[in-house]
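K.L.:
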Amino acid sequence: MPATLPNGIPIPELDINFVPAKAGEVLKLGPLTCRIMEDGSNTGKFHNFSAVLTWSDLFLDNRLGVAELIMPPKTPGPPPHWHEMHDETFFVTKGNVRFHVPEVGNPGVDKKVTDAKVGDYMVVPIRAPHTFSNPFDEEARMFFTSTPSFYINYFKLLSTMGEEGKPMPAEVSMTAMAMYATTVVDKQPRKAPERAGLAEWIFRIDDNA
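For the sequence shown, UniProt numbering gives the first residue as 1, with consecutive numbering after it.
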């Protein structure tokens with residue numbers, strides 16, 4: 001029997017999980033590199049997935065997924081999209097990352113763009129349209145979280161669908177995203193507006209308005 005506290009509550013036997021620097025599963029997502037630091041299997045209480053009866057049962061486990069995303073210079077990100085079943089956060093640890101808020105219904109146009117520098121943090125809730133890119137001259141790195149963790153499996157799937165070092169076709173990303181409760185806004189890659197300052201919100205103005 002497991003040890004208990006004086007009040008009779010069982011003492012958990014789960015251990016903490018240590019991930020050394022540079023450890024973890026490394027995936028190639030076209031030009032991007034994804035280092036999975038936590039796929040969710042060490043979070044929540046473990047049970048056999050064959051016994052899962054409802055989505056709420058699933059979410060008792062796999063509460064948090066974590067990865068490092070590495071973007072070479074001048075690299076577009078995925079097609080603009082939103083998620084139906086998980087929240088995301090991004091913490092910039094190297095370089096600068098451009099976050100885009102697309103104008104839904106107007107392909108290729110963003111209504112907000114912000115450049116995040118080292119130490120900046122972005123929260124993307126469920127159903128918030130977004131994407132990101134690295135239009136700058138330096139490699140960028142981000143600490144990424146997914147809550148719950150199941151979107152980590154999107155990265156694993158995507159790594160089998162593209163060619164290392166080559167741009168990931170939008171159609172390939174869309175196919176993989178559709179399997180993980182994610183809706184694509186449009187297929188237009190995002191490029192850098194000129195003279196965009198760091199940590200600055202930029203509003204795209206329609207000249208025909």
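Just so you know, even glycine gets a beta-carbon here, dropped at the ideal spot from N, CA and C.
The structure presented is a predicted model; accordingly, all values stated were derived computationally and were not measured.
Around the C-beta of Pro-129, are 16 or more other C-beta atoms found within 10 angstroms, so that it is buried, or is it exposed?
P.N.:
By the 10 Å Cβ count, Pro-129 comes out buried.
K.L.:
Give me the Cβ distance between Pro-72 and Pro-31, rounded to the nearest whole Å; I'm assuming they're in contact under 8 Å.
P.N.:
Yes, Pro-72 and Pro-31 are in contact; Cβ-Cβ is about 5 Å, under 8 Å.
K.L.:
Please report the distance separating the alpha-carbon of Gly-24 from that of Glu-68.
P.N.:
Whole-angstrom Cα-Cα distance: 10 Å.
K.L.:
My assumption, with CB atoms under 8 Å, is that Phe-155 sits in contact with Leu-27. Please give the rounded CB distance.
P.N.:
Indeed they touch by this definition, with Cβ atoms about 6 Å apart.
K.L.:
Leaving out five residues before and five after Arg-141 in sequence, what residues of the same chain have Cβ atoms less than 8 Å from its Cβ?
P.N.:
These residues qualify, in order along the chain: Glu-68, Leu-69, Ile-70, Met-71, Val-92, Thr-93, Lys-94, Gly-95.
K.L.:
Which of the three DSSP states is assigned to His-47 in this structure?
P.N.:
Low per-residue confidence applies at His-47: pLDDT is 49, beneath 50, and the placement is therefore not dependable, though the value from the model is reported in the following sentence. Looking at His-47 - three-state DSSP - the assignment turns out to be coil, as it is neither helix nor strand.
K.L.:
What are the boundary residues of the alpha helix (DSSP H) that includes Ser-146?
P.N.:
Segment 140-147 is the beta strand (DSSP E) holding Ser-146; no alpha helix (DSSP H) there.
K.L.:
Should Gly-77 be labelled buried (16 or more other beta-carbon atoms within 10 Å of its own) or exposed?
P.N.:
It is buried - the Cβ of Gly-77 has at least 16 other Cβ atoms within 10 Å.
K.L.:
Between the stretch 176-190 and the stretch 145-155, can you find at least three pairs of beta-carbon atoms closer than 8 Å?
P.N.:
Because the criterion of three Cβ pairs below 8 Å is met, the stretch 145-155 and the stretch 176-190 touch.
K.L.:
Go ahead and label Ile-36 buried or exposed: buried means 16 or more other beta carbons lie within 10 angstroms of its beta carbon, across all protein chains shown.
P.N.:
By the neighbour-count rule (16 or more Cβ atoms within 10 Å), Ile-36 is buried.
K.L.:
Nearest-angstrom Cα distance between Arg-63 and Glu-88?
P.N.:
Arg-63 and Glu-88: Cα-Cα distance of roughly 12 Å.
K.L.:
Looking at chain D, is there any beta carbon in it that lies within less than 8 Å of the beta carbon of Asn-17?
P.N.:
Judged by its chain identifiers, the structure shown contains no chain D, having just a single protein chain.
K.L.:
Out of Ala-3, Ile-16, Leu-29, which one is the CA nearest neighbour of Glu-164?
P.N.:
That would be Leu-29, whose Cα lies nearest to the Cα of Glu-164.
K.L.:
Assuming Tyr-154 is part of the alpha helix (DSSP H), what are its boundary residues?
P.N.:
Where Tyr-154 is concerned, the enclosing alpha helix (DSSP H) stretches over 152-158.
K.L.:
Going by alpha carbons, who is nearest to Thr-17 out of Thr-43, Pro-2, Thr-33?
P.N.:
Reading off the sequence, residue 17 comes out as Asn, not Thr. When only C-alpha atoms are compared, the closest one is Thr-43.
K.L.:
Pull up the CB-CB distance for Ser-133 and His-100, whole angstroms please, since I reckon it's below 8 Å.
P.N.:
Their Cβ separation, rounded to whole angstroms, is 7 Å, which keeps Ser-133 and His-100 in contact under 8 Å.
K.L.:
Could you say which of Pro-135, Lys-117, Trp-82, Val-66 lies nearest to Pro-102 if we only look at CA atoms?
P.N.:
Minimum Cα distance to Pro-102 is reached at Trp-82.
K.L.:
DSSP on Ser-133, reduced to helix/strand/coil?
P.N.:
In this structure, Ser-133 counts as strand in the three-state DSSP scheme.
K.L.:
As a quick exercise: from Met-161, Lys-166, Val-118, pick the residue whose alpha carbon is nearest that of Val-97.
P.N.:
Considering only alpha carbons, the answer is Val-118.
K.L.:
Expressed to the nearest angstrom, what Euclidean distance is found between the alpha-carbon atoms of Pro-125 and Val-66?
P.N.:
Using only the alpha carbons, I get a separation of about 16 Å.
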